[in-house]
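Enquirer: Protein sequences, first through last, are from chains A and B.
Heads up, the first sequence is in this note's numbering, so the first residue is 615 and it goes up one at a time.
Heads up, the second sequence is in this note's numbering, so the first residue is 51 and it goes up one at a time.
By construction, the Cβ of each residue, glycine as well, lies at the ideal position given by its N, Cα and C atoms.
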Amino acid sequence: MNLEQLRIAIRPRRDWEAVDLGLRMAQQWWWPMLRVWLIITSPWLVAACVMPPEHQWLVSLCLWWCKPLFERPLLMILSQGVFGVELTTREVLRATPRLFLNQVFLSLTWRRFSFTRSMDLPVIQLEGLHGAERRDRLNVLHRIDSGPASWLTIIGVHVESFLMLACVALLGILIPEEVGAELWTWGFWGESRTGGALLILFAYIAMAVVGPLFVACGFSLYLNRRVKLEGWDIEIAFKRMAQKRGLPTVAILAIAALLQLTPPMLPSAQAQSEREAVKEEILAIKKGPDFHRMETQRVIKSTEKKEEEIDFDKGFWRALIEFLTGAGSLAAAVAGIAELLLWALVLLGIVLLILKYGSWLERFPQLLPHRRRREYRPQTLFGMEVTKESLPDDVSSAALALWQKGEQRPALALLYRASLTSLLTVGVALREGSTELECLRLAERLQQELGIPQTSIRYFSDLTRAWRRLAYGHQAPSDAEGTALCRDWAQYWPEVTRG
Amino acid sequence: MTSVPGSPDTLSATSAGSPDPEAAGNSAFDQAYNLVQALRGEIQKVLIGQGAVVDQVLMALIARGHVLIEGVPGLGKTLLVRTLAQCFGGRFARIQFTPDLMPSDVTGHAMFNMKTQEFEIRKGPAFTNLLLADEINRAPAKTQAALLEVMQEGQITIEGGSYPVDTPFMVLATQNPIEQEGTYPLPEAELDRFMLKVLIRYPERIDEENMLLQICNGPAEDRPAVRQLLKPAHVLSLQKIAQQITVDPAIVEYIVKIARATRDWPGVSRGAGPRASIALLNCARAYALMNHNRYVTPDDVKAVVLPALRHRLLLAAELEIEGVSIDKVLTEICQSIPAPRR
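Here it is, written out as structure tokens:
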């Protein structure tokens, strides 16, 4: 490490001043860092695009989880950059696998949730410490000026979230009102591939913007701490002086400094007496009224005798201290285990809560695996049961039987209910407030995305028309039309069968 | 009067009596639909790029309601009303509301005739078929209230005597959403009497260009001539046909649910009253007729919720401060009410 090559001004800074420096560093090496970040994260983006909508959440989760790995190449660029070494993208990419593998397991598990990640990363990557050494080193580094490291994480999370929401809002603003493409119909929460992919894209953009800033600020905090600990500024000052004055000057200075350490030469007796006289004169003046102000203060003072001091070296006290020290170690061990247990309990509680009150997850179906999404399918819709179990084994035959008995309305109602159940089964997110036409339009819109056959949609359109005419206009379809609707149901919606 | 596809002469004849009542009803319905389409087309020839506004005004006419039109100056509010009056050949009166306008300037008054030595009634401009109350919020509440009776009862009381106004009777009031200085907001009772509140917005670019081209190429008086398509009596027939459109009890239940939801919705200080439910029902029927539906569906109800309810809701201060619009609240309410399936 050659401190002379440092491209940043080295001096002890206050903590937030160091963060400021980090932002300037990020500005300086912005494009190299962003380029590398985009290249190494692009597989995730591609995966998000090709994944089916129900699995997109996995990609976004994985991208978020692996963020500590993506920060390592950025730190490499910065750490070389501050010493004047401009790495090419190719060099960084070549080193990336090695950087990724360094303490990868701990970084992605226990340490993933560390708030001081940005400041700790250089200890692993640049100093190569691990285990107890790493812990001790971090203790030293965190002693002062490490507060902003935690705040960086908190602020970063918020900025990322706001950026993501801002992207969504910007999209909403840019779409003219007349187009009629309301944002809430885009299915950001997993109803459609486009909505899910857009949300991942926005999250990706937010991460790309925040990532380099986060790493640079953390690195700057780390550098600042080392500057203070190791006196880099003094070292650099000496080195610069050496360059400026030349080696002999430094040598002379060093010799002079050495001489300062030797006892001074004894002065002559006359000089000594003069010095003594001057000293006494100075002391006399200092004792005079010009240098003193007399004040009398009265305070209450306890007259009780001081307690007898305990001699801790005596046998009993020593034993007691040893006992307490042992008990303390035991208690610390027990407390450590208890803390772990408590965390486990908290996690378990969260999981149980999600399982028990998981209905709110309906709003965020992309968070759920496909199987669970189906489980959260509404049981009733528009006051009707829309489950497979509530339907007869053979919907067509049952409806046809009703129709032939002259019960036209129940027959069409059964067909319509069964069709809605089928639509729900294939993933059309029907809402309580949707009218028949809105259900039809939604099915038509999602037809290609969900792979619903065109013929099924056409059948549903005919059924909706007949149903609306019967339900609201009280006009039954003709016998031929009704029979055809009953008979064709099974042909167009074969997925829904009992069990 | 020009002959149009759904001739109003046959419209009244077929609706009066026929050997086959169902066939006659269907025929009258088809004619009514064609007539409405012709009327819509005729007005849109003059008022370009405001199709939705024209539809809503026609809907109110068919549903026997009154309309409050809100929009910045120069969008054709007065032109719309004038064209409508020309199309159906009814009487048309316009009152420019000003701060010094008196109630008797609207309704009329009793005047002592020196010749006959008797009081005689001088009917005001409100005795007409179409009444344009221009910039209604410029007059004080006293004058605005002069319209309360005529809008609800269809009659005006002068000096203790009640005088019915012509039928069909429709008030089309306009107000300007900006320039609030020196205006008097309409009282709730007055607002509630308007069946619809129509928002008139700037036309699309292409429509505006067409409008200018029409002026460039058209006659000297700027506007194409409007054909008179029907008489006041035919409007009454249209209204009668709309009244006969089938409404399933599920639709009635749906309408009531929507109206009641506005009363309990968080952030809404004052919800819609029963008059709003009636307005929703009548509007939905008119909307169904205009779309050639012989029965009302939940979609028809949803389509008219915004214009029929937006002026009847009062948002709480916190929502106002947050900038939440009434239309947004109404949209949310519609999404939350389960659509009927029976």
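(1) Are the CB atoms of THR347 of chain B and ARG1031 of chain A nearer to each other than 9 Å?
(2) Could you check the C-alpha separation between PRO667 of chain A and ALA811 of chain A for me, to the nearest Å?
(3) Using C-beta distances below 7 Å, list every residue in its chain close to LEU752 of chain A, excluding the 5 sequence neighbours before and after it, in chain order.
(4) Is the CB-CB distance between ALA1027 of chain A and ARG391 of chain B below 9 Å?
(5) Do ALA326 of chain B and ALA309 of chain B come within 9 Å of each other at the CB atom, strictly closer than that value?
(6) Counting only runs of 4+ residues fully inside the segment 991-1041 of chain A, write out the alpha helix (DSSP H) ranges in chain order.
(7) PRO397 of chain B bridges to which residues according to DSSP?
(8) Which chain B residues sit within Cβ distance under 9 Å of HIS1088 of chain A?
(9) For LEU222 of chain B, does the three-state DSSP call read helix, strand or coil?
(10) Exposed or buried, which one is ALA763 of chain A when buried takes at least 16 other CB atoms within 10 Å?
(11) Can you tell me whether DSSP reads LEU1099 of chain A as helix, strand or coil?
(12) In this structure, how does DSSP classify VAL276 of chain B when only helix, strand and coil are distinguished?
(13) Does chain A have any CB closer than 9 Å to the CB of LYS127 of chain B?
(14) To which residues does DSSP link LEU606 of chain A through a beta bridge?
(15) By the three-class DSSP mapping on this structure, what secondary structure does THR1049 of chain A have?
(16) At a Cβ threshold of 9 Å, is ALA851 of chain A touching chain B?
(17) Can you tell which of B:HIS342, B:TYR83, B:VAL221, B:ALA283 has the C-alpha that lies nearest to the C-alpha of THR128 of chain B?
(18) From ILE119 of chain B to HIS342 of chain B, what does the alpha carbon distance come to, in whole angstroms?
(19) List the whole-angstrom C-beta distance separating PHE816 of chain A from VAL782 of chain A, where the pair is believed to meet the contact cut-off of C-beta under 8 Å.
(20) Taking beta-carbon pairs under 8 Å, can you tell me which members of the segment 1046-1058 of chain A lie near chain B?
(21) Along the segment 992-1024 of chain A, where does the CB come closer than 9 Å to a CB of chain B? Name the residues.
(22) Note down, in chain order, every chain A residue with its Cβ under 7 Å from the Cβ of GLN385 of chain B.
(23) Tell me the rounded alpha-carbon separation between GLU999 of chain A and GLN1062 of chain A.
(24) For VAL673 of chain A, I'd like the list of residues in its chain whose CB is within less than 8 Å of its CB, leaving aside the five on either flank, ordered along the chain.
(25) Just the Cα atoms here: how many angstroms apart are PRO979 of chain A and ILE622 of chain A?
(26) Against chain B, with Cβ distances strictly below 9 Å, would ALA1085 of chain A count as a contact?
(27) Measuring alpha carbon to alpha carbon, tell me which residue in A:SER760, A:SER732, A:TRP671 is nearest PRO687 of chain A.
(28) Pick helix, strand or coil for ALA176 of chain B, following the three-state DSSP scheme.
(29) Please report the residue range of the beta strand (DSSP E) in which LEU246 of chain B lies.
(30) Taking only beta-carbon atoms, is ALA1027 of chain A less than 9 Å away from chain B?
(31) Are three or more beta carbon pairs between the segment 681-697 of chain A and the segment 636-649 of chain A nearer than 8 Å?
(32) Measuring alpha carbon to alpha carbon, tell me which residue in B:LEU180, B:ALA358, B:VAL122 is nearest ARG132 of chain B.
(33) Does the Cβ of LEU961 of chain A have 16 or more other Cβ atoms within 10 Å, making it buried, or fewer, making it exposed?
(34) Thinking just about the alpha-carbon of each residue, which of A:TYR1073, A:ALA1098, A:GLU1052 is nearest to the one in GLN1022 of chain A?
(35) In chain order, what residues of the same chain lie with their CB nearer than 8 Å to the CB of ALA113 of chain B, ignoring the 5 residues before and after it?
(36) Helix, strand or coil: how does DSSP classify LEU677 of chain A here?
Expert: Taking the coordinates as given:
(1) no
(2) 8 Å
(3) ASP734, VAL737
(4) When the beta-carbon positions are compared, ALA1027 of chain A and ARG391 of chain B come within less than 9 Å of each other.
(5) yes
(6) 1009-1018, 1022-1040
(7) No answer is possible for residue 397 of chain B: the residues shown for chain B start at 51 and end at 392.
(8) Near HIS1088 of chain A (Cβ distances below 9 Å), the residues of chain B are THR296, ASP298, TYR345.
(9) strand
(10) buried
(11) helix
(12) coil
(13) The C-beta of LYS127 of chain B comes no closer than 9 Å to any C-beta of chain A.
(14) Only positions 615 to 1113 of chain A appear in this structure, which leaves residue 606 of chain A out of reach.
(15) coil
(16) no
(17) B:VAL221
(18) 26 Å
(19) 6 Å
(20) Taking 8 Å as the Cβ-Cβ cut-off against chain B, the residues of the segment 1046-1058 of chain A that qualify are GLU1046, GLY1047, SER1048, THR1049, GLU1050, LEU1051, GLU1052.
(21) For the segment 992-1024 of chain A, residues whose beta-carbon sits nearer than 9 Å to a beta-carbon of chain B comprise LEU995, PHE996, GLY997, MET998, ARG1023.
(22) ARG1045, GLY1047
(23) 27 Å
(24) TRP658, ALA661, ALA662, MET665, ILE814
(25) Residue confidence is low: PRO979 of chain A scores 48 on pLDDT, short of 50, so the model does not pin down where it sits. Its coordinate-derived value is still stated next. Answer to the nearest angstrom: the Cα atoms are 48 Å apart.
(26) It does: the Cβ of ALA1085 of chain A has a partner Cβ on chain B nearer than 9 Å.
(27) A:SER732
(28) coil
(29) Unbroken beta strand (DSSP E) run through LEU246 of chain B: 246-249.
(30) Residue-level contact by beta carbon holds for ALA1027 of chain A and chain B, with a gap shorter than 9 Å.
(31) yes
(32) Minimum Cα-Cα distance from ARG132 of chain B among the listed residues B:LEU180, B:ALA358, B:VAL122 corresponds to B:LEU180.
(33) exposed
(34) Out of A:TYR1073, A:ALA1098, A:GLU1052, A:ALA1098 has the C-alpha closest to the C-alpha of GLN1022 of chain A.
(35) MET245, GLN289, ALA292, ALA329, ASN332, CYS333, ARG335, ALA336
(36) helix
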